[in-house]
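A.B. asks: The opening residue of the sequence shown carries number 1 in full-length UniProt numbering; numbering runs sequentially from there.
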Amino acid sequence: MRTDAAPAIRLEDYRPADYLIDTVELDVRLDPARTRVIAELGVRPHPAGRVGAPLALDGDELTLVSIALDGLALSPNAYEASAQGLTLISPPERPFRLTIETQLDPTSNTKLMGLYRSSGVYCTQCEAEGFRRITYFLDRPDVMSVYTTRIEADAGDAPVLLGNGNPGARGVLPNGRHFAVWSDPHPKPAYLFALVGGRLGRVGGEFTTRSGRRVELGVYVEPGKEDRAGYAMDALIRSMRWDEETFGCEYDLDVFNIVAVSDFNMGAMENKGLNIFNDKYVLASSETATDADYAAIEAIIAHEYFHNWTGNRITCRDWFQLCLKEGLTVFRDQEFSADQRSRPVKRIADVRTLRAQQFAEDSGPLAHPVRPSTYREINNFYTATVYEKGAELIRMLKTLVGPEAFKAGMDLYLNRCDGTAATVEDFLACFAEASGMDLSHFSLWYRQSGTPSVAVRSHYDAQARTLRLDFAQSTPPTPGQPEKSPVVIPIRLGLVGRGGAALALTPADHEPLAEGLFVLDRTADSITFRDVPVVPVPSLLRGFSAPVRLEQELSSEDLLTLFRHDEDPFNRWQAAQSYAMRLMVRAVEAVRSQTTPELDPAFAQALGELLAHTEDHAFAAQVMALPSEADVARELGRDIDPDAILAARKTLRAHVGSAISEQLARTYEALASREAYAPTAQAAGRRALRNAGLDLLAAGDPERGVPLAEAQFATADNMTDQIAALGVLAQHPGPAREAAFQAFGERFSSDPLVLDKWFGLQAAIAETGTLDRVRGLMRHPGFSLSNPNRTRALIGAFAMANLSQFHRADGAGYAFLADIVLQLDGANPQLAARLLGAFRTWRSLEPVRRGGAETELRRIASREGLSTDVSDIVTRSLA
Ligand code: B3K
Ligand code: ZN
1 MRTDAAPAIR LEDYRPADYL IDTVELDVRL DPARTRVIAE LGVRPHPAGR VGAPLALDGD
61 ELTLVSIALD GLALSPNAYE ASAQGLTLIS PPERPFRLTI ETQLDPTSNT KLMGLYRSSG
121 VYCTQCEAEG FRRITYFLDR PDVMSVYTTR IEADAGDAPV LLGNGNPGAR GVLPNGRHFA
181 VWSDPHPKPA YLFALVGGRL GRVGGEFTTR SGRRVELGVY VEPGKEDRAG YAMDALIRSM
241 RWDEETFGCE YDLDVFNIVA VSDFNMGAME NKGLNIFNDK YVLASSETAT DADYAAIEAI
301 IAHEYFHNWT GNRITCRDWF QLCLKEGLTV FRDQEFSADQ RSRPVKRIAD VRTLRAQQFA
361 EDSGPLAHPV RPSTYREINN FYTATVYEKG AELIRMLKTL VGPEAFKAGM DLYLNRCDGT
421 AATVEDFLAC FAEASGMDLS HFSLWYRQSG TPSVAVRSHY DAQARTLRLD FAQSTPPTPG
481 QPEKSPVVIP IRLGLVGRGG AALALTPADH EPLAEGLFVL DRTADSITFR DVPVVPVPSL
541 LRGFSAPVRL EQELSSEDLL TLFRHDEDPF NRWQAAQSYA MRLMVRAVEA VRSQTTPELD
601 PAFAQALGEL LAHTEDHAFA AQVMALPSEA DVARELGRDI DPDAILAARK TLRAHVGSAI
661 SEQLARTYEA LASREAYAPT AQAAGRRALR NAGLDLLAAG DPERGVPLAE AQFATADNMT
721 DQIAALGVLA QHPGPAREAA FQAFGERFSS DPLVLDKWFG LQAAIAETGT LDRVRGLMRH
781 PGFSLSNPNR TRALIGAFAM ANLSQFHRAD GAGYAFLADI VLQLDGANPQ LAARLLGAFR
841 TWRSLEPVRR GGAETELRRI ASREGLSTDV SDIVTRSLA
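1) I need the straight-line Cα distance from LEU664 to PRO536, nearest angstrom please.
2) Count the other C-beta atoms from every protein chain shown that fall within 10 angstroms of the C-beta of GLY419, then say buried if there are 16 or more, exposed otherwise.
3) Whole-angstrom Cβ separation of GLN448 and SER474, contact assumed at under 8 Å?
4) Whole angstroms are fine: how far does the CA of GLY163 sit from the CA of LEU755?
5) Compute the minimum distance between the beta carbon of MET269 and the heavy atoms of ligand 1, and state whether it is under 6 Å.
6) Would GLU746 be called buried (16 or more neighbouring beta carbons within 10 Å of its own) or exposed?
7) Have a look at the DSSP bridge pairing and note the partners of ALA421.
8) Ignore the nearest five residues each way along the sequence and tell me which others in THR341's own chain have a CB closer than 6 Å to its CB.
9) Would you kindly work out how many angstroms separate the C-alpha atoms of ARG44 and VAL146, rounded to a whole number?
10) Output needed for ARG132: all residues of its chain with C-beta closer than 6 Å, excluding positions within five of it in sequence on either side, in chain order.
11) Determine the burial state of GLN830: buried for a count of at least 16 other Cβ atoms within 10 Å of its Cβ, exposed for fewer.
12) Could you name the residues of the same chain whose beta carbon sits closer than 7 Å to that of PRO344, not counting the 5 residues immediately before and after it, in chain order?
13) How is TRP182 classed by DSSP in three states: helix, strand or coil?
14) Is the beta carbon of SER539 sitting closer than 7 Å to the one on LEU554?
15) Within 6 Å: the Cβ of TYR382 and any heavy atom of ligand 1?
16) Going by DSSP, which residues form a beta bridge with MET624?
17) Assuming ALA714 and VAL706 form a contact by the criterion Cβ under 8 Å, report the distance between their Cβ atoms to the nearest whole angstrom.
18) Do GLU326 and ligand 2 come close, with the Cβ less than 6 Å from some heavy atom?
19) Taking 6 Å as the cut-off, is the CB of THR329 close to at least one heavy atom of ligand 2?
20) Starting from ALA724, trace the alpha helix (DSSP H) in both directions and tell me its first and last residue.
21) Go ahead and label GLY409 buried or exposed: buried means 16 or more other beta carbons lie within 10 angstroms of its beta carbon, across all protein chains shown.
22) Can you say whether ARG317 is buried or exposed, counting buried as having 16 or more other CB atoms within 10 angstroms of its CB?
23) Can you find a heavy atom of ligand 1 that lies under 6 Å from the Cβ of GLU388?
24) If you run the structure through DSSP and keep just helix, strand and coil, what is VAL487?
25) Find the nearest neighbour of LYS757 within the set SER867, ASP721, GLY813, judged by alpha-carbon distance.
26) Smallest Cα separation from ALA489: which of VAL623, ARG465, LEU517?
27) Is the beta carbon of GLN742 closer than 7 Å to that of THR770?
28) Sorry if obvious, but does the Cβ on GLU127 come closer than 6 Å to a heavy atom of ligand 1?
29) Can you check whether the CB of THR315 is closer than 7 Å to the CB of PRO141?
30) Could you tell me whether any non-hydrogen atom of ligand 1 is closer than 6 Å to the CB of MET266?
31) Do LEU192 and ASN271 come within 7 Å of each other at the CB atom, strictly closer than that value?
32) Once DSSP output is grouped into helix, strand and coil, what is the label at VAL121?
33) Which parts of the segment 52-113 are runs of the beta strand (DSSP E), unbroken and 3 residues or longer, counting only runs that do not cross its ends?
34) Would THR3 be called buried (16 or more neighbouring beta carbons within 10 Å of its own) or exposed?
35) Looking only at its own chain, which residues have a Cβ that is under 6 Å from the Cβ of MET1, when we skip the five neighbours before and after it?
36) If you measure from the CB of ASN379, is any heavy atom of ligand 1 nearer than 6 Å?
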């Protein structure tokens, strides 16, 4: 194992910088291989810094051309420069101007951090530490500066030149070059810097803020794809209005631009006034994008826009505070989508993601607190824990203080911390003040990792007509945290009578429970209700009021009562999932003991009833999507045999699908659309239910379902229905499937984002031939390991969405992924480290697979010269 790992950075070591940089004037002369950057920095000693300290600027793979202080070239013994940093040994103890010239090669920047070219377009990515790849700088979020950027480029190569802030002078230069100046009056950390230069098509729009500022909006895309940018523009305008109405947040510049690029390491980036997006989250048309794509575009456009206040105007003091902007902004985008679409369905979808991503992370070797206290590579902390669990903490905070105090706390935060680089403590102090509550115990959620379990037992006393609920919480140990303390868990609850009536909540010894909220803040606690006339079914954790695992003993009948009658839609869905999960676990046991699973007709019948009566199609579609293989693996927790899970799930789906095949076929018929495609929530819900039903029908009655899928594939007038049909066919081997894949691949051969869906579906086929198929697809002309979207679509889908094949018992899936990680690491370490995350659950596998995974992790770990990104993940995975 390597020992030369990057040093750990610790929250407790934080101290302010010794210098501040108030102004940055950049002159960027774009050139494919020799870009010149002249940075003029207005520097002054930090009042709280060490007097006379050296000025140590960060750098990463930089080439210094020249350096001057107050206009005079610095003598070589006044500084030390390397590719990784520049130190002024004894800078003046007064404000001064530092002029630094660097030279960059954007074309060979394959890490996609700093300044790079994507399909010929110059663009930047600076979060978290990319600005230091452009010029030497105090690249830390608590150093905030006012930026002016002059961008110069060949006018033919880059007719469009965009920067942060408002546009200023522009002009034509000799030799076919031109320039544009952008100035951003709002002080910002370097990670929010951006520029773009390229040949781009534009879709324009405008928005007038509530105080009357007219904002010019632009969405820039690859020329010829302008007709796919309309939905992004629409989502942007809705986001701007919603943020004013809901949080009182108004936009603060004269322009707001979004640029879509095709090579991007993540979803998008909230650079001030110039958001840069992965084109996957901008481009949409009915023929190329699915309903899920539209929903993701809406959510991500909103997310990045919302960062303008929660992230940009109020930024983070240091990277440990990442959740301060990310958790809060995810919460805000979730609320936006809930308001634009169906609130319960959005909640169900979010909880599905939370459990699939964050719970999985929290129970394995990469578990970390929402606010980590140490890191080696910050890029590895843009995780489901920081984002999704971070958002859950905000949701719990709102539940605990109540909506009014939450609003007052947000107003206070947005006012008080505006223009600052803040901490989680600053944030919580606003809510403590607004609510009058002591939030110190609540703040443990930020420091303690792991998913708490809440076990509940209910005791009904028929004579006394009382119901006592005993709660006990515990959190399993996680890396670095062997001992856990109880956290504050808001539990929304209700009691449901056997016939479905909601029963009154009259606590015997507590104050009445406001809004049915019980707060469990110690290891064990109880609550007793009086005047309970019948044995009720407790409906607990309504709306998933806390990110915990609930262990509640409910009979199948109890689950059906909740499924049919609970007034809380989340718990109606949860009851169906719990029921299905119970059947799946039993089926896995049967597979492993080579017995026949007992099939339970009541569950299928309940689904059939739902189909016959539901008006909420999107909700019903969520119910029909039974727990995934990964969900079952998580439920089992250890000794996981993915083949047994696959077999069990197939059996169960076949059983349910065949038991209700009549209703499924009727639903399929009834929900056929006679209208033109529209990406509305309602129409999407219809399609979702129709396609979920088709999938189940094909599982239960292939002779009926598969031909329907073939017909739908051939005639669909929109990508949602077409890809859904192909997804059904993908599970049924044979010539029809291969013909469909062939036709689709040919039809969309020049549309990379659509081809990604095609790669992904094939990579997810749960058959032994899939690894070879994936290898073959890597040679497809549309595939390229240097494009993150392609790599995630094919390799990522194989490793993360194909439980049985990635975890093949012979270890071939692991060896394949390890080879790719090693191959990618030099070119794009962030992408390599992300893929490596597929091993995060390796310790919970059965022994043979566990051994196979460990062998490959050790092989990666032993490689010389690994990036910090990959070595950090592999070291923690093996620890
Ligand atoms: N803030 C960016 C993520 C940056 C990731 C850097 N490795 C996108 C977002 O969360 O809005
Ligand atoms: Zn974000």
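By construction, the Cβ of each residue, glycine as well, lies at the ideal position given by its N, Cα and C atoms.
Note that this is a predicted model, so its numbers are computed, not measured.
C.D. replies: If we stick to the structure as given:
1) 32 Å
2) exposed
3) Not confirmed; about 12 Å, so no contact.
4) 32 Å
5) yes
6) exposed
7) THR315
8) Inspection of the sequence shows that residue 341 is occupied by Arg rather than by Thr. Once the five neighbours on either side are set aside, the close Cβ partners of ARG341 are ALA681.
9) 14 Å
10) ASP58, GLY59, ASP60, ASP139
11) buried
12) PRO569, PHE570, PHE619
13) strand
14) no
15) yes
16) MET624 pairs with nothing; no bridge assigned.
17) The pair is not a contact, with the Cβ atoms about 13 Å apart (cut-off 8 Å).
18) yes
19) yes
20) 719-730
21) buried
22) buried
23) no
24) coil
25) ASP721
26) Looking at the sequence itself, residue 489 is Ile, so the reference to Ala does not match. Checking every option, the nearest Cα to that of ILE489 belongs to LEU517.
27) no
28) yes
29) yes
30) yes
31) yes
32) strand
33) 55-58, 63-69, 79-82, 85-88, 96-104
34) With a pLDDT of 43 at THR3, under the threshold of 50, the modelled position of that residue is not reliable, and no figure is offered here.
35) With a pLDDT of only 42 at MET1, under 50, the local geometry of the prediction cannot be trusted, and the value read off the model is given with reservation. If we look at MET1 and ignore the five residues flanking it on each side, its Cβ neighbours are ALA861.
36) yes
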